[in-house]
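K.L.:
Order-wise, the sequence lines are chains Y and Z. Going by my numbering, the first residue of the first sequence is number 1, and it counts up by one from there. Going by my numbering, the first residue of the second sequence is number 1001, and it counts up by one from there. Beta carbons are placed, not taken as given, at the ideal position from N, Cα and C, and that holds for glycine. Can you read through this structure? Questions will come right after.
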Amino acid sequence: MNITLAPYLFVLPNMLIFGIFTIWPAINNVTISMYDSTNGRTFTYAGTGNYTELVNSADFWAAARATVIFASCFVVLCTAAAVGLALLLDARLRGRGVFRAIVFLPVLLSPVVVGLIWGWIFDRRNGLANTLLGADIPWLVDGRLAMAVVIFVGLWTHLGFYALIILAGLQGIDPNHHAAAMIDGASAWQRFRYVTLPLLRPTTLVVIILSMIAGFQAFDFIWTLTGGGPVGATTLMVQYIYQNAFQSPIRYGLAAAGSVILFCTLFGLTLLNVLNDRRHA
Amino acid sequence: MSRSARKPLLALLAVLTLTACAPGGPDGGDTGQAEDRNLTYVYFTDGPDEAATRALIADFEKASGATVNLQVVPFANLEQQLQARLSGGNAPDVARLTELTPFRADLLDLGRFQQDALAGQFVEGATPAITGPGGELLAVPSDLTMNGPIINVAQFTKAGVALPDPAKPWTWAQMIEAAQAVQRANGTEFALAMDVSGHRFATMLSQYGTTYLNGETVTLDTARATAAITEFARLHETGAMPRDLWLQAGTKYKAANEIFLAQQVPVYISGNWQVSAFAKSAGFEWRVAPNPCGERCGGFPGGKFMASFRQSAHQELAAEFIAFMNSAESQRRLCREAAFLPTRRDLIASGVDYPSRPQDMGVFLEEVRRTPPDTFAANYSPGFGATARATVTALATVLTGDQTPEQAARTIRDEAQKAAVPR
């Protein structure tokens, strides 16, 4: 066998699966976004009609606005909290393994279960939150509060995963850097600011990109928690796409166009992050 | 590989790729028919109907010598699964459906095989929905649901409030007055509750004298709808109805049965499917009440269909199966065992002897007779589902103060207009 072909043969099965289940549907989705169909079988060519309709839709912009609010808060809070939590989990504490397991536990839960559990907790009448606080806070009834709850639940669900990534990054930092800084008289804050943070930059970038993608694609736990309400306050882009694709009146083309826009947004933001990181590296 | 052989192969690959990327076209005509007598039936269950359906299938198999592969799917995935199967040329022979619009072009004309057994046998309001442009019989309404109030008798008795007479329905004002008196006497959180559903609200709309649609025509009278929404909002503002229920549900369906079962509301507007559930789960005395009358009386219908597909390779047998499952005898049995309402005209006229909660089912059946025909037309309209969903959002905006009842009525009308004509 020609030795130069060997690596390609090894990756071929994976590439085939990736191509069939990711690349081809993605390309097909772009095609569908230029057609109108209500049943997935009869298609009418619509050109850029679906995109125009989306741009002129108030519901689309409401979903886009809610998505940006959710994703921005989610990324910032996730990254900051993950770094903080990872530093705590990295400290020499008794029972550290147990803490790590507890922090990671929510990641293992089904998003549907997460949504249902927090829905019960934040129920205004019978929820645990109001019972413990002895208050009557309309958690899921007021739009802004509902968005705050959704961000909090998103954070609770995903934080363990991102903290684990940062923790891996922390443990990859050569302890000699800290030792050298200590010898030079750097305080704990200075060591964190000038040693830990810069060396964590690549790991943090991974967390930012992953949390950004998760933030823009959030759907499952929100659907079970708020159903996108109240009055669309927590209807994000993926729910908007889902509703167009799977709820009557079904509009596959419109949903596909929404997916293309979401993909382009995520791709652009990821690219910006990577380029920005390279510029500062 | 030689250069000459490579070119045609590349061209073939390009054609295949382009073909794969292009969306599919409409299906062809009917398929060839198979020799065997094996049917597939895609079905979702409401719960108590599954056992009765399985028993009826067993009877059909015994009588016909056929076998029926019952494929139970989650209701939420029904439409996607069927569309995927139709796209893949793998349609089931028979399916239980809630909406016909997405499949209309794919449905088999059952009249070709079972005209005598099926044509003209079912509730008249469904006729436009189940009939094709050339008079084809595209589906059979297989069961009927009816919205209506359910009341906590124990709380009414404690409050000394008279129970409504099934023969002489109360008015909206009387129902609210009674519910609030019972609320005060029992200290319940609310007086009235209604499921978070545009379908359930359609009941109130009908009683206020209007419906969303009639076929592909929008019929919503915005003045009447405004009056209904105003009353709906007032009941929520005063705390007579649970405002949070509608807002916390978002765009999802949410039943208020938990509030009723917790005895926190004496009057609960839902539907006949609650009867068999409450018979098992309610730890207090309850009964079905007649719908309140406004400009009109009666409730609001819903229901499911049975249909076959042009892709089916067992068309004749599928039609025979549908005819069997919807014969008077089969429907009577299903209704008795699952506490369903019949769709057959003969059974609606004669009634069904329900073994459990016969009085309550009798009240619902009486409501079927009182229900205005245009509500059937509305429920079976292609745009009903989308309009009902939009109604939930519009009503929530009224409860949050983002829209006035007049604006909400206009919004619902606009949404009905968009949804009315299938694209």
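Would you kindly report the start and end of the unbroken beta strand (DSSP E) that includes Z:I1151?
P.N.:
As a working note, residue 1151 of chain Z is residue 151 in the second sequence. Segment V1140 to N1152, the beta strand (DSSP E) holding Z:I1151.
K.L.:
Going by DSSP, what residue range makes up the beta strand (DSSP E) through Z:K1304?
P.N.:
For this step, residue 1304 of chain Z is matched to residue 304 along the second sequence. Its beta strand (DSSP E) spans residues P1301 to S1308.
K.L.:
Could you tell me whether the Cβ of Y:D123 comes closer than 9 Å to any Cβ of chain Z?
P.N.:
Along the first sequence, read from residue 1 onward, the residue named residue 123 of chain Y stands at position 123. Yes - at least one Cβ of chain Z is within 9 Å of the one on Y:D123.
K.L.:
With respect to the alpha helix (DSSP H) encompassing Z:L1137, which residues constitute its N-terminal and C-terminal limits?
P.N.:
As a first step, residue 1137 of chain Z is located in the second sequence; it is residue number 137 there, counting from the start. No alpha helix (DSSP H) holds Z:L1137; DSSP gives it neither H nor E.
K.L.:
State the DSSP-derived secondary structure class of Y:W223, mapped to helix, strand or coil.
P.N.:
Counting from one through the first sequence, the residue named residue 223 of chain Y turns up at place 223. The answer is helix: DSSP assigns Y:W223 an H, G or I state.
K.L.:
Within 9 Å of any Cβ in chain Z, is that where the Cβ of Y:R41 sits?
P.N.:
Indexing the first sequence from 1 puts residue 41 of chain Y at position 41. So yes, Y:R41 belongs to the interface.
K.L.:
What in chain Y is Cβ-close to Z:K1252, meaning under 7 Å?
P.N.:
Numbered from its first residue, the second sequence carries residue 1252 of chain Z at position 252. Those are G227, listed as they occur along chain Y.
K.L.:
From the DSSP secondary-structure annotation, give me the bridge partner or partners of Y:I250.
P.N.:
For the purposes of this step, residue 250 of chain Y is taken as the residue at position 250 of the first sequence. Paired residues: none, contrary to the question.
K.L.:
As an exercise, report each continuous alpha helix (DSSP H) stretch of at least 4 residues that is fully enclosed by the segment 1299 to 1383 of chain Z, in chain order.
P.N.:
Entirely contained in the segment 1299 to 1383 of chain Z, the alpha helix (DSSP H) runs reaching 4 residues are, in chain order, 1315 to 1325, 1328 to 1338, 1345 to 1350, 1358 to 1370 and 1373 to 1379.
K.L.:
Note down, in chain order, each residue of its chain lying with its Cβ closer than 6 Å to the Cβ of Z:A1394, except the 5 sequence neighbours on either side.
P.N.:
Here residue 1394 of chain Z corresponds to residue number 394 of the second sequence, with the count starting at 1. Closer than 6 Å at Cβ, skipping near neighbours: A1408, T1411 and I1412.
K.L.:
Could you check which residue in Y:T44, Y:A86, Y:V68 and Y:A188 has the C-alpha nearest to that of Y:V207?
P.N.:
The sequence position of residue 207 of chain Y within the first sequence is 207, counting from 1. Selected option, being the one with the closest Cα: Y:A86.
K.L.:
Can you look up Z:C1297 in the DSSP assignment and give me helix, strand or coil?
P.N.:
The count along the second sequence starts at 1 and reaches residue 1297 of chain Z at position 297. Residue state, collapsed to three classes: coil.
K.L.:
If you drop the 5 nearest sequence neighbours on each side, which residues of the same chain put their C-beta closer than 6 Å to that of Z:Q1115?
P.N.:
Translated into positions along the second sequence, residue 1115 of chain Z becomes position 115. Once the five neighbours on either side are set aside, Z:Q1115 has no close Cβ partner at all.
K.L.:
Taking 8 Å as the threshold, find out whether the segment 66 to 85 of chain Y comes into contact with the segment 129 to 140 of chain Y through three or more Cβ pairs.
P.N.:
Short answer: they don't touch.
K.L.:
Could you tell me the alpha carbon to alpha carbon distance between Z:P1023 and Z:M1175, rounded to whole angstroms?
P.N.:
The sequence position of residue 1023 of chain Z within the second sequence is 23, counting from 1. The sequence position of residue 1175 of chain Z within the second sequence is 175, counting from 1. For Z:P1023, the predicted model reports a pLDDT of 47, less than 50, meaning its position is unreliable and no value from the coordinates is stated.
K.L.:
I'd like to confirm the pairing. Which residues does DSSP put opposite Z:W1286 in its beta bridges?
P.N.:
Residue numbering aside, residue 1286 of chain Z sits at position 286 when the second sequence is read from its first letter. Beta-bridge pairing links Z:W1286 to Z:N1152.
K.L.:
Are any of the Cβ atoms in chain Y nearer than 9 Å to that of Z:D1374?
P.N.:
For the purposes of this step, residue 1374 of chain Z is taken as the residue at position 374 of the second sequence. So no, Z:D1374 is outside the interface.
K.L.:
What residues of chain Z sit near Y:S289, judged by a beta carbon separation below 7 Å?
P.N.:
Residue 289 of chain Y lies beyond the range of chain Y shown here (1 to 281); nothing can be said about it.
K.L.:
If you draw a straight line from the alpha carbon of Z:D1353 to that of Z:L1341, how long is it in whole angstroms?
P.N.:
The count along the second sequence starts at 1 and reaches residue 1353 of chain Z at position 353. The count along the second sequence starts at 1 and reaches residue 1341 of chain Z at position 341. Near 11 Å, if we compare the C-alpha coordinates of Z:L1341 and Z:D1353.
K.L.:
Any contact of the segment 1315 to 1329 of chain Z with the segment 1189 to 1196 of chain Z, i.e. 3+ C-beta pairs under 8 Å?
P.N.:
No, the segment 1315 to 1329 of chain Z does not touch the segment 1189 to 1196 of chain Z.
K.L.:
What are the partner residues of Y:Y316, as DSSP defines its beta bridges?
P.N.:
Because chain Y in this structure spans residues 1 to 281, residue 316 of chain Y falls outside the shown range and cannot be described.
K.L.:
If we call anything under 9 Å between Cβ atoms a contact, is Z:G1302 one with Z:L1144?
P.N.:
As a position in the second sequence, residue 1302 of chain Z is number 302, starting the count at 1. As a position in the second sequence, residue 1144 of chain Z is number 144, starting the count at 1. Yes; because the gap between Cβ atoms is below 9 Å, this pair is in contact.
K.L.:
Any idea if Z:P1355 is buried or exposed, counting beta-carbon neighbours within 10 angstroms, 16 or more meaning buried?
P.N.:
Position 355 of the second sequence, counting from 1, holds the residue named residue 1355 of chain Z. Z:P1355 comes out exposed.
K.L.:
Is it buried or exposed, Z:N1069, if we count other Cβ atoms within 10 angstroms and call 16 or more buried?
P.N.:
The residue labelled residue 1069 of chain Z in the question sits at position 69 within the second sequence. Z:N1069 comes out exposed.
K.L.:
Keeping to the same chain, check which residues put their C-beta closer than 8 Å to that of Z:P1169; ignore five residues upstream and five downstream.
P.N.:
Translated into the one-based positions of the second sequence, residue 1169 of chain Z becomes position 169. These residues qualify, in order along the chain: P1290, N1291, P1292, C1293, C1297 and R1370.
K.L.:
I'd like the list of long-range same chain contacts for Y:N273, defined as Cβ closer than 8 Å, with 5 residues on each side in sequence excluded.
P.N.:
Residue 273 of chain Y sits at position 273 when you count from the first residue of the first sequence. Closer than 8 Å at Cβ, skipping near neighbours: L205, I208, I209 and M212.
K.L.:
Under DSSP, the alpha helix (DSSP H) around Y:G169 begins and ends at which residues?
P.N.:
Along the first sequence, one-based indexing puts residue 169 of chain Y at 169. Note, Y:G169: alpha helix (DSSP H), G143 to Q171.
K.L.:
Is the Cβ of Y:V98 closer than 9 Å to any Cβ of chain Z?
P.N.:
Start at 1 with the first residue of the first sequence, and residue 98 of chain Y comes out as number 98. Cβ-Cβ to chain Z under 9 Å: no for Y:V98.
K.L.:
Report the CB separation of Z:P1102 from Z:E1079 in whole angstroms; it is logged as a contact under 8 Å.
P.N.:
Residue 1102 of chain Z sits at position 102 when you count from the first residue of the second sequence. Residue 1079 of chain Z sits at position 79 when you count from the first residue of the second sequence. With 8 Å as the limit, Z:P1102 and Z:E1079 qualify as a contact, their Cβ atoms being about 6 Å apart.
K.L.:
Distance, Cα to Cα, Z:R1037 vs Z:L1110?
P.N.:
Mapped onto the second sequence, residue 1037 of chain Z falls at position 37. Mapped onto the second sequence, residue 1110 of chain Z falls at position 110. Looking at the two C-alpha atoms, the distance is approximately 17 Å.
K.L.:
One question on the structure: do Z:V1275 and Z:V1265 come within less than 9 Å of each other, judged by their Cβ atoms?
P.N.:
In the second sequence, residue 1275 of chain Z corresponds to position 275, counting from 1. In the second sequence, residue 1265 of chain Z corresponds to position 265, counting from 1. Contact flag unset, no.
K.L.:
Would Z:G1239 and Z:L1261 qualify as a contact pair, given that the criterion is a beta-carbon distance under 9 Å?
P.N.:
One-based indexing of the second sequence puts residue 1239 of chain Z at position 239. One-based indexing of the second sequence puts residue 1261 of chain Z at position 261. No.
K.L.:
With a threshold of 16 other CB atoms inside 10 Å of the CB of Y:C264, please say whether the residue is buried or exposed.
P.N.:
Taking the first residue of the first sequence as 1, we reach residue 264 of chain Y at position 264. Answer is exposed; the Cβ neighbour count stays below 16.
K.L.:
Have a look at Z:Y1380, Z:A1416 and Z:E1216 and flag the residue whose alpha-carbon is nearest the alpha-carbon of Z:I1130.
P.N.:
The residue you call residue 1130 of chain Z lines up with position 130 of the second sequence. Nearest of Z:Y1380, Z:A1416 and Z:E1216 to Z:I1130, Cα basis: Z:Y1380.
K.L.:
What first and last residue would you give for the alpha helix (DSSP H) that runs through Y:Y8?
P.N.:
Sequence index remark: in the first sequence, residue 8 of chain Y carries index 8 (1-based). Y:Y8 -> alpha helix (DSSP H) spans A6 to F18.
K.L.:
Does DSSP classify Z:M1175 as helix, strand or coil?
P.N.:
Translated into the one-based positions of the second sequence, residue 1175 of chain Z becomes position 175. Z:M1175: helix per DSSP, three-state reduction.
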